[in-house]
Amino acid sequence: MSRLGSPYELKSLSLRNRIVMSPMCQYSVDAEDGAPNDWHFVHYVSRAVGGTGLVIIEMTDVDPDGRIRNRDLGLWSDEQIPAFKRIIDELHKHGAKVAIQIAHAGRKALDAEPPVGPWNEPFEPTAKTPRALTTEEAWKIVGQFADAARRAVEAGVDTIELHGAHGYLIHQFHSPGINKRDDEFGRDYAKFGVEVVRAVKKVLPPDMPLLMRVSAVEYADYGYDLEHGLRVFEAYRDAGVDLFDVSTGGEGPAGARKPGNYPGYQVPYARAIREKLGVPVMAVGLLDDPKLAESVVANGDADLVAIGRGMLRNPYWAIDALRELDGPNHRAPIAEAYLRGY
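Residue numbers for the sequence shown follow the working numbering, so the first one is 54 and each next one is one higher.
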């Protein structure tokens, strides 16, 4: 039997398999109030019917001006909780567990007037110039992360993922090339993220794990390397992160170092973080081939595999992958209504 199809447990989180739906923004035209709608309901529930073990709901922002675009989701108000709960309850009915990725886009908030960040430099020459947050404003946003996480728990999630990657606010604070402050959030690059982790942990049930997506390295010429990333992630681990979702880049235009464009190019970073920090990790990035996804788990590179674009193309990626790997003895959870199709 495949390792990809085997159950996985982390504290109170119990997954039927090791397949994760990666968080991917939908930019739905009807989501300007930040609440998910019927598009999101069909989008996420179909992946639960399709056999996914963990569904991570897309980047959901802690403030209206923390969104990449004004059609992104948000959890800055208790009024948004019921729309998320409707989706989460249905995902549970079909056997999937659910996370919400909590975030603030910082200087990459394209519709904010102006965006905010640790410093006043845009992420690319044509982008809006951000306003540097005051120390007090940074602490306020720490509280907003905790408030959003509390709302996600009320909506029924099984775990929370913090977005500390791809050039968004937590990432911006821990990047030396972006964060040029001289206050407490500049003298310690991990400080902002650590405080977010601590604040969020206080509102989670004691046994609920906390996940965090991170960029292991940056690609801009001012970017950090893996050694810097490991030092920061170690601080996040010690503050309470239970599993890292390992990606790369996203902070700005690539310089001399370029991201890969081949299957599995980010897997070595996941393995390095798993080995160096002694924590579970999730691998991402062009892992759509079931045999490659299986090898990542079976070789011990990662504990979970997240599928993004492959699952956009095929809501039933998990079922198809487990049938391919395990043949007639597969453990793919096929809904009774669809059994005739198999």
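Cβ coordinates follow ideal geometry from the N, Cα and C atoms, glycine included.
Asked                                                                                                                                                                      : Found
Give the DSSP-derived three-state secondary structure of Asp83 in the structure shown.                                                                                     : coil
Is Leu378 buried or exposed, if buried means 16 or more other CB atoms sit within 10 Å of its CB?                                                                          : buried
Just to confirm, is the Cβ distance from Leu279 to Val334 under 8 angstroms?                                                                                               : no
Can you give the Cα-Cα distance for Tyr272 and Ala388, rounded to whole angstroms?                                                                                         : 43 angstroms
What did DSSP end up calling Arg184 once you bin it into helix, strand or coil?                                                                                            : strand
List, from N- to C-terminal side, the beta strand (DSSP E) runs of 3 residues or more that fit wholly inside the stretch 210-238.                                          : 212-217
Going by CA-CA distance only, name the one from Gly363, Ala165, Trp192 and Gly209 that's closest to Val151.                                                                : Gly209
Kindly indicate which three-state DSSP category Gly170 falls into: helix, strand or coil?                                                                                  : strand
Which same chain residues, not among the five before or five after Lys146, have their C-beta less than 6 angstroms away from its C-beta?                                   : none
What's the gap between the Cα of Trp370 and the Cα of Gly282?                                                                                                              : 32 angstroms
Going by C-alpha to C-alpha distance, which of Phe198, Leu222 and His219 sits closest to Val249?                                                                           : Phe198
According to the neighbour-count rule (16 or more other Cβ atoms, all chains shown, within 10 Å of its Cβ), is Glu62 buried or exposed?                                    : exposed
Output needed for Gly196: all residues of its chain with C-beta closer than 6 angstroms, excluding positions within five of it in sequence on either side, in chain order. : none
If you count every other CB in all the chains shown that lies within 10 Å of the CB of Ala201, and 16 or more means buried, which is it?                                   : buried
With distances taken from CA atoms, which of Asn70, Cys78, Glu347 and Glu111 is nearest Thr105?                                                                            : Asn70
Could you pull the start and end residues of the alpha helix (DSSP H) that Leu378 belongs to?                                                                              : Trp370 to Asp379
For the beta strand (DSSP E) holding Ala152, just list the boundary residues, first then last.                                                                             : Lys150 to Ala156
Does the pairing of the stretch 122-132 with the stretch 257-272 give three or more beta-carbon distances under 8 angstroms?                                               : no
For Thr301, count the other beta carbons within 10 Å of its own beta carbon; 16 or more makes it buried, fewer makes it exposed. Which is it?                              : buried
I'd like the list of long-range same chain contacts for Asp260, defined as Cβ closer than 6 angstroms, with 5 residues on each side in sequence excluded.                  : Lys64 and Ser65
Does the distance from the C-beta atom of Ala149 to that of Ala205 stay below 8 angstroms?                                                                                 : no
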